[in-house]
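Peer 1:
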Amino acid sequence: MKRFLAPAITLVALLALNQSLPRFLNPYYFQVLILVGINITLAVSLNLVNGFTGQFSIGHAGFMAAGAYGSAMFTMTFGQKIAAAMIAAHLPPVVAQGAMLLASLLLGGGLAAIFGYLVGLPSLRLRGDYLAIVTLGFGEIIRVIILNVDAVGGARGLPGIPQWANFFWVFLVAAIVIGLAVNLANSTHGRALFAIRDDEIAAEALGVDTTAYKVTAFVLGSFFAGVAGGLFAHYLSYLNPSTFTFLKSIEVIAMVVLGGMGSITGSVLAAIVLTLLPEALRAVKDYRMVLYALMLIILMITRPQGLMGTRELSWALFGGRRRGGSK
Amino acid sequence: MSTFLQQLVNGVTWGSVYALIALGYTMVYGILRLINFAHGDIYMLGAFIGLYASRWFNAAKDPSPVKALLVLLTSMLLSALIGMIIERLAYKPVRKSPRLSALITAIGVSLLLENGGALVFGEDQKFFPQLIPQKTIALMAGVSISNQQLIVLVVSIVLMFGLRMFVLHTRTGKAMQAVSHSHMAASLMGISVDRIITFTFMIGSSLAAAAGVLVALQSPKIEPYMGIMPGLKAFVAAVLGGIGNIPGAVVGGLVMGIAEVMVTGYLSPTYRDAIAFVLLIVILLVRPAGIFGKAVTEKV
Amino acid sequence: MSAPLLHLEKVTMQFGGLKAVCDFELAIRPGELVGLIGPNGAGKTTVFNVITGVYTPTRGRVMLDGAQVSGLKANRIACRGVTRTFQNIRLFPRLTCLDNVAVAAHQHRKAGLASALFGTNAFQRDEALLRAQSLEMLQVLGLGDYADAMATELAYGQQRRLEIARALAGRPKLLLLDEPAAGLNPQESEELMRLITEIRRRFSLTILLIEHDMKVVMGICERIAVLDYGLMIAEGSPSEIRSNPKVIEAYLGEDTAHA
Ligand SMILES: Nc1ncnc2c1ncn2[C@@H]1O[C@H](COP(=O)(O)OP(=O)(O)OP(=O)(O)O)[C@@H](O)[C@H]1O
Ligand SMILES: [Mg+2]
Numbered sequence: 009m010k011r012f013l014a015p016a017i018t019l020v021a022l023l024a025l026n027q028s029l030p031r032f033l034n035p036y037y038f039q040v041l042i043l044v045g046i047n048i049t050l051a052v053s054l055n056l057v058n059g060f061t062g063q064f065s066i067g068h069a070g071f072m073a074a075g076a077y078g079s080a081m082f083t084m085t086f087g088q089k090i091a092a093a094m095i096a097a098h099l100p101p102v103v104a105q106g107a108m109l110l111a112s113l114l115l116g117g118g119l120a121a122i123f124g125y126l127v128g129l130p131s132l133r134l135r136g137d138y139l140a141i142v143t144l145g146f147g148e149i150i151r152v153i154i155l156n157v158d159a160v161g162g163a164r165g166l167p168g169i170p171q172w173a174n175f176f177w178v179f180l181v182a183a184i185v186i187g188l189a190v191n192l193a194n195s196t197h198g199r200a201l202f203a204i205r206d207d208e209i210a211a212e213a214l215g216v217d218t219t220a221y222k223v224t225a226f227v228l229g230s231f232f233a234g235v236a237g238g239l240f241a242h243y244l245s246y247l248n249p250s251t252f253t254f255l256k257s258i259e260v261i262a263m264v265v266l267g268g269m270g271s272i273t274g275s276v277l278a279a280i281v282l283t284l285l286p287e288a289l290r291a292v293k294d295y296r297m298v299l300y301a302l303m304l305i306i307l308m309i310t311r312p313q314g315l316m317g318t319r320e321l322s323w324a325l326f327g328g329r330r331r332g333g334s335k
Numbered sequence: 003m004s005t006f007l008q009q010l011v012n013g014v015t016w017g018s019v020y021a022l023i024a025l026g027y028t029m030v031y032g033i034l035r036l037i038n039f040a041h042g043d044i045y046m047l048g049a050f051i052g053l054y055a056s057r058w059f060n061a062a063k064d065p066s067p068v069k070a071l072l073v074l075l076t077s078m079l080l081s082a083l084i085g086m087i088i089e090r091l092a093y094k095p096v097r098k099s100p101r102l103s104a105l106i107t108a109i110g111v112s113l114l115l116e117n118g119g120a121l122v123f124g125e126d127q128k129f130f131p132q133l134i135p136q137k138t139i140a141l142m143a144g145v146s147i148s149n150q151q152l153i154v155l156v157v158s159i160v161l162m163f164g165l166r167m168f169v170l171h172t173r174t175g176k177a178m179q180a181v182s183h184s185h186m187a188a189s190l191m192g193i194s195v196d197r198i199i200t201f202t203f204m205i206g207s208s209l210a211a212a213a214g215v216l217v218a219l220q221s222p223k224i225e226p227y228m229g230i231m232p233g234l235k236a237f238v239a240a241v242l243g244g245i246g247n248i249p250g251a252v253v254g255g256l257v258m259g260i261a262e263v264m265v266t267g268y269l270s271p272t273y274r275d276a277i278a279f280v281l282l283i284v285i286l287l288v289r290p291a292g293i294f295g296k297a298v299t300e301k302v
Numbered sequence: 042m043s044a045p046l047l048h049l050e051k052v053t054m055q056f057g058g059l060k061a062v063c064d065f066e067l068a069i070r071p072g073e074l075v076g077l078i079g080p081n082g083a084g085k086t087t088v089f090n091v092i093t094g095v096y097t098p099t100r101g102r103v104m105l106d107g108a109q110v111s112g113l114k115a116n117r118i119a120c121r122g123v124t125r126t127f128q129n130i131r132l133f134p135r136l137t138c139l140d141n142v143a144v145a146a147h148q149h150r151k152a153g154l155a156s157a158l159f160g161t162n163a164f165q166r167d168e169a170l171l172r173a174q175s176l177e178m179l180q181v182l183g184l185g186d187y188a189d190a191m192a193t194e195l196a197y198g199q200q201r202r203l204e205i206a207r208a209l210a211g212r213p214k215l216l217l218l219d220e221p222a223a224g225l226n227p228q229e230s231e232e233l234m235r236l237i238t239e240i241r242r243r244f245s246l247t248i249l250l251i252e253h254d255m256k257v258v259m260g261i262c263e264r265i266a267v268l269d270y271g272l273m274i275a276e277g278s279p280s281e282i283r284s285n286p287k288v289i290e291a292y293l294g295e296d297t298a299h300a
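Okay, structure coming up:
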């Protein structure tokens, strides 16, 4: 039963915070907090691909966009109506909307995962930079398609998405992604991924099905990028294709690299830092992006292994514990 | 038929610009295995330096081909210098770091140039002076080329040919080949690897700057973010040709330029930006190492 | 005579214009310990790469237990019971020794990906078992104390043994060792010979061994094949090989003192 303790505590804490936080955080800080949660999901999910498996994906924004638009379209065509019908049948609105949000997130994630599979399967035989550039290309293609399809608003964007996501949902998803990533890292499957990252030829010679694992990591990463997109859509209630440019993918990669490839706590930490940093820099207005760029360069020069290397921050030692080391 | 030929002329001209930018990507990649994401921004800087140079030479009010040439050379020279500084300050310290960290550094430099450019030059569009007034030259019935396009073509060809001669027939060029083969072996042969790397950045940067000035001659609106898309596409062009391969970059650039112009002409201009990437994916699926790239089997 | 476990049928491996291995024939019966020797660049490692599926042979076939394995992906061949060590050590540098070994035990897991993601009880049991088996394999190779050390922290000779432990954790029928004694001092080589004989008995293995150290080869191999420029120039017992003029000629200029 111990296994259910942590999830239960997380759930209760999330519900409590969901009720209390909006009361004493001003709306701006609250929104930044939500962005932190979404970025944690994005960073940890990309870490599964880039950090765990050593693949080189730079198109995460494309999968996020697929999930965002997919889930928003579902909600606006079916979800809202079904939720209304459920409320008419005397279900509490929280439940009805929650159920439909969940459905839309799963669909958005599913759509992104399908794209992940389609991109991943043929292109994972490409090496390093070639794979990178294909994922980049995929992200751009998705964006151009969105720009040109009127049904999803085209360049004007897609307004009027119900604001169903809140603190609870955003951080529930983040917690789930972190939990799954931790379980994966400490399992034989995670070890197979690390082995592929460290030496693909040796991994294969020991019976690791490298193609299957690379595709699986890719699909899993895309799925959660899609879910993060869905949350984004249902929190801001408005989507604009210019959110999902190459720059967004870069932002997420910077989180993974800065955190330390393969380090889950590192990704979380870096997602927090790199979300807050540009916000904190708002004070310097025009110099904001210049400073952000400079800090990125300096951080990479001074800490090329990222904040955490491949280690995890652990409560027990509060020092580094090696990834996958036995207890 | 004549529209097709006209498109082909436009495509080749546009493609030669991509080729110039792609060369810098490919040379740096060949030597450092680094995707120099800031390369597209050097192209932007090249255009802006050209703008300031033409003000300096008073070329806007009193245009002449000699001044145009001076503007081009000034821009290439200063950009080479900037390329050198970037390499020394930002890339050299991460040369031994994990590849992704180096990539993030390059992206940081790119962001720095774009946003620094916005600060220094202003975010709004600037107008590049008409250094050479436009004339249209008829080639055959229904097909023409502007004198500016012709200049773009001729300058690109001269630069590319010059680069080829340089790489194949000079000591430094041969040293560049050696370094791209193996840093270790090159340094054992007494080649100063650091110097060659810096030099490669300088050449690549000056070619990108040339591309920037050439484009500004034709379509005179320039702004600090103008390098992002051409940069990405030129990189795709380099990959198409087989990255690290100099003739490959030229062919890749031409394929890219022609494909884009054709898509704009025959399909829809809105899908123009996607075509580069569709092309890329299709070609890589057929030839995983690019058109001219050799598939290497890793020795075990 | 029993049917061969491994049979290379006229295997040719060509890289561009270079025939690294040419019409190579070799049959190994279950339980045999065969040596593969030859001067530098003779094509020995290429033979291993062809057997393990790193390369697909240009011509010819590799048969394992009477079934063709050439053309299969390397991981499929490993799961059929062929594992190897590498001439240039290829450990997983960012994993601990235990995890290095556990990667090879991976193919014998029972719990699927989903149960790992959700950390089910079945998965926990499976994981504990894999760890126990991996630790045991480390102990067999005398590395029990280094379970939690990073692979790169080991001394050179220990790294070579860790590679053997890792290959054994895949529970192979056929073990391929690529120059296991390279870089070891005489005392360590001596130990290694004992170790190879022991694991061979203990796990009833068939072994194909590439080695330059003639003392090791002559000491433990029952049969030896000699490659030179991709061609097999001799095959036979250690004493036959020792006195074969072709072999001596191939090794002339090389280190013949041991032969
Ligand atoms: N992937 C490859 N591509 C091109 N040539 C290769 C490749 N792998 C091996 N070769 C060449 O094939 C020949 C045989 O190499 P191999 O590694 O099999 O020799 P070896 O007998 O193991 O030598 P050593 O004793 O030095 O390990 C060499 O000339 C080598 O350069
Ligand atoms: Mg060898």
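Top line first, the protein sequences correspond to chains A, B and C. Letter by letter, the first sequence follows residues 9 to 335 of my numbering. Letter by letter, the second sequence follows residues 3 to 302 of my numbering. Letter by letter, the third sequence follows residues 42 to 300 of my numbering. Note that CB positions come from ideal geometry on N, CA and C, so glycine has one too.
1. Exposed or buried, what is ALA104/B when buried is set at 16 or more other beta-carbons lying within 10 Å of its beta-carbon?
2. Cβ of THR107/B less than 9 Å from any chain A Cβ?
3. On the three-state DSSP scale, how would you describe MET273/C?
4. Within 8 Å: the Cβ of GLN313/A and any heavy atom of ligand 2?
5. Using a Cβ-Cβ cut-off of 9 Å, state whether TYR268/B counts as contacting chain A.
6. Once DSSP output is grouped into helix, strand and coil, what is the label at LYS256/C?
7. Can you tell me the Cα-Cα spacing of PRO65/B and SER18/B, whole angstroms?
8. At which residues does the beta strand (DSSP E) containing LYS60/C begin and terminate?
9. Looking only at its own chain, which residues have a Cβ that is under 7 Å from the Cβ of ASN129/C, when we skip the five neighbours before and after it?
10. Secondary structure at ALA324/A, three-state DSSP: helix, strand or coil?
11. Look at PHE175/A and PRO30/A and say whether their C-beta atoms are less than 9 Å apart.
12. Taking all protein chains shown into account, decide if HIS197/A is buried (16 or more other Cβ within 10 angstroms of its Cβ) or exposed.
13. Could you tell me whether any Cβ in chain A is nearer than 9 Å to the Cβ of VAL91/C?
14. How is the beta strand (DSSP E) around THR200/B delimited, first residue to last?
15. Round the Cβ separation of ALA120/A and PHE231/A to the nearest angstrom and send it over; I've been treating them as touching at under 8 Å.
16. Do the segment 102-109 of chain C and the segment 276-294 of chain C meet, that is, are 3 or more Cβ pairs less than 8 Å apart?
17. Let's see if you can read the secondary structure: which residues bound the beta strand (DSSP E) around ALA140/B?
18. At a cut-off of 8 Å, would you count ASP254/C as near ligand 2, judging by its Cβ distance to the nearest heavy atom?
19. Would you give the residue range spanned by the alpha helix (DSSP H) that SER99/B belongs to?
20. Compare the C-beta of ALA203/A against all C-beta atoms of chain C and say whether one is closer than 9 Å.
21. If we count the other Cβ atoms within 10 Å of its Cβ and call it buried at 16 or more, is LEU107/B buried or exposed?
22. Listing by chain order, which chain A residues have their CB less than 8 Å from the CB of SER103/B?
23. Taking 8 Å as the line, does the beta carbon of ILE251/C fall inside it for any heavy atom of ligand 2?
24. Alpha carbon to alpha carbon, how far is GLN148/C from GLU50/C? Give it in angstroms, no decimals.
25. For ASN191/A, return the contacting residues in chain C, with the cut-off set at a CB-CB distance below 8 Å.
26. Are the beta-carbon atoms belonging to VAL265/B and ILE277/B less than 9 Å from one another?
27. Name, going along the chain, the residues of the segment 124-135 of chain C whose beta-carbon falls closer than 8 Å to a beta-carbon of chain A.
28. In chain C, what lies closer than 8 Å to ALA225/A by C-beta?
29. Less than 9 Å between the beta carbons of VAL144/C and LEU179/C, yes or no?
30. So, does the CB of ALA183/A fall closer than 9 Å to a CB anywhere in chain C?
31. Give, in chain order, every residue of the segment 108-122 of chain B whose Cβ lies closer than 7 Å to some Cβ of chain A.
32. Run the CB neighbour count on TRP58/B, radius 10 Å, all protein chains shown included, and call it buried at 16 or more, exposed below.
33. Within a Cβ cutoff of 6 Å, which residues of the same chain sit near ILE260/B, ignoring the five residues on either side of it in sequence?
34. State the DSSP-derived secondary structure class of GLN55/C, mapped to helix, strand or coil.
35. Classify GLU89/B: buried if its beta carbon has 16 or more other beta carbons within 10 angstroms, exposed otherwise.
36. Against THR272/B, what residues of chain A qualify as contacts under a CB-to-CB distance less than 8 Å, listed in chain order?
Peer 2: In terms of the structure at hand:
1. The residue labelled residue 104/B in the question sits at position 102 within the second sequence. Looking at its Cβ environment, which holds 16 or more other Cβ atoms inside 10 Å, ALA104/B is buried.
2. Mapped onto the second sequence, residue 107/B falls at position 105. Yes, THR107/B counts as interfacial toward chain A.
3. Position 232 of the third sequence, counted from the first residue, corresponds to residue 273/C. Secondary structure of MET273/C (DSSP, three-state): strand.
4. Taking the first residue of the first sequence as 1, we reach residue 313/A at position 305. No, the Cβ of GLN313/A stays beyond 8 Å of every heavy atom of ligand 2.
5. As a working note, residue 268/B is residue 266 in the second sequence. Output row for TYR268/B: interface = no.
6. One-based indexing of the third sequence puts residue 256/C at position 215. Note: LYS256/C maps to helix in three-state DSSP.
7. Within the second sequence, numbered from 1, the residue matching residue 65/B stands at position 63. Within the second sequence, numbered from 1, the residue matching residue 18/B stands at position 16. The alpha-carbon separation between PRO65/B and SER18/B amounts to approximately 25 Å.
8. As a first step, residue 60/C is located in the third sequence; it is residue number 19 there, counting from the start. Its beta strand (DSSP E) spans residues 59-69.
9. Translated into positions along the third sequence, residue 129/C becomes position 88. Contacts found: none.
10. Taking the first residue of the first sequence as 1, we reach residue 324/A at position 316. With a pLDDT of 47 at ALA324/A, under the threshold of 50, the modelled position of that residue is not reliable, and the figure given next carries that caveat. Note: ALA324/A maps to coil in three-state DSSP.
11. Within the first sequence, numbered from 1, the residue matching residue 175/A stands at position 167. Within the first sequence, numbered from 1, the residue matching residue 30/A stands at position 22. Result yes, Cβ atoms of PHE175/A and PRO30/A sit closer than 9 Å.
12. In the first sequence, residue 197/A corresponds to position 189, counting from 1. Label assigned to HIS197/A: buried.
13. Along the third sequence, one-based indexing puts residue 91/C at 50. Taking Cβ atoms only, chain A never reaches closer than 9 Å to VAL91/C, which makes this a no.
14. Counted from its first residue, the second sequence places residue 200/B at position 198. First-last for THR200/B: 195-220, but that is the alpha helix (DSSP H), not the beta strand (DSSP E).
15. Taking the first residue of the first sequence as 1, we reach residue 120/A at position 112. Taking the first residue of the first sequence as 1, we reach residue 231/A at position 223. Rounded, the Cβ-Cβ distance is 6 Å, consistent with contact.
16. no
17. Start at 1 with the first residue of the second sequence, and residue 140/B comes out as number 138. Here the beta strand (DSSP E) through ALA140/B covers 138-142.
18. Locating residue 254/C in the third sequence gives position 213, counting from the first residue. No, the beta carbon of ASP254/C sits no closer than 8 Å to any heavy atom of ligand 2.
19. Here residue 99/B is taken as the residue at index 97 of the second sequence, counted from 1. No alpha helix (DSSP H) contains SER99/B, which DSSP labels as neither H nor E.
20. Start at 1 with the first residue of the first sequence, and residue 203/A comes out as number 195. Output row for ALA203/A: interface = yes.
21. Taking the first residue of the second sequence as 1, we reach residue 107/B at position 105. One detail in the question is off: residue 107/B reads as Thr in this sequence, not Leu. THR107/B comes out buried.
22. For the purposes of this step, residue 103/B is taken as the residue at position 101 of the second sequence. VAL265, MET308, PRO312, GLN313, GLY314, listed in chain order.
23. The count along the third sequence starts at 1 and reaches residue 251/C at position 210. Checking every heavy atom of ligand 2 against the Cβ of ILE251/C, one is found closer than 8 Å.
24. Indexing the third sequence from 1 puts residue 50/C at position 9. Indexing the third sequence from 1 puts residue 148/C at position 107. Using only the alpha carbons, I get a separation of about 28 Å.
25. Within the first sequence, residue 191/A is the residue found at index 183, counting from 1. Per Cβ cutoff of 8 Å: ALA157, LEU158, PHE159, GLY160.
26. Translated into the one-based positions of the second sequence, residue 265/B becomes position 263. Translated into the one-based positions of the second sequence, residue 277/B becomes position 275. ILE277/B is positioned such that its CB atom lies closer than 9 Å to that of VAL265/B.
27. For the segment 124-135 of chain C, the residues whose beta carbon sits under 8 Å from a beta carbon of chain A are, in order, THR124, ARG125, PHE127, ARG131, LEU132, PHE133, PRO134, ARG135.
28. Against the first sequence, residue 225/A aligns to sequence position 217. Those do not exist, as ALA225/A stays about 10 Å from chain C at its closest Cβ, beyond 8 Å.
29. If you number the third sequence from 1, residue 144/C lands on position 103. If you number the third sequence from 1, residue 179/C lands on position 138. Result no, Cβ atoms of VAL144/C and LEU179/C do not sit closer than 9 Å.
30. On the first sequence, residue 183/A is found 175 positions in, with the first residue counted as 1. It does not: the Cβ of ALA183/A has no partner Cβ on chain C nearer than 9 Å.
31. Cβ proximity to chain A below 7 Å picks out ILE109, GLY110, VAL111, LEU113, LEU114, ASN117, GLY118, LEU121 from the segment 108-122 of chain B.
32. Locating residue 58/B in the second sequence gives position 56, where the first residue counts as 1. With fewer than 16 other Cβ atoms within 10 Å, it is exposed.
33. Within the second sequence, numbered from 1, the residue matching residue 260/B stands at position 258. Correct list, in chain order: GLY13, GLY17.
34. Taking the first residue of the third sequence as 1, we reach residue 55/C at position 14. Correct three-state label for GLN55/C: strand.
35. Translated into positions along the second sequence, residue 89/B becomes position 87. So GLU89/B counts as buried.
36. Stepping through the second sequence from its first residue, residue 272/B is reached at position 270. Under the 8 Å cutoff, chain A gives VAL152, LEU155, ASN156.
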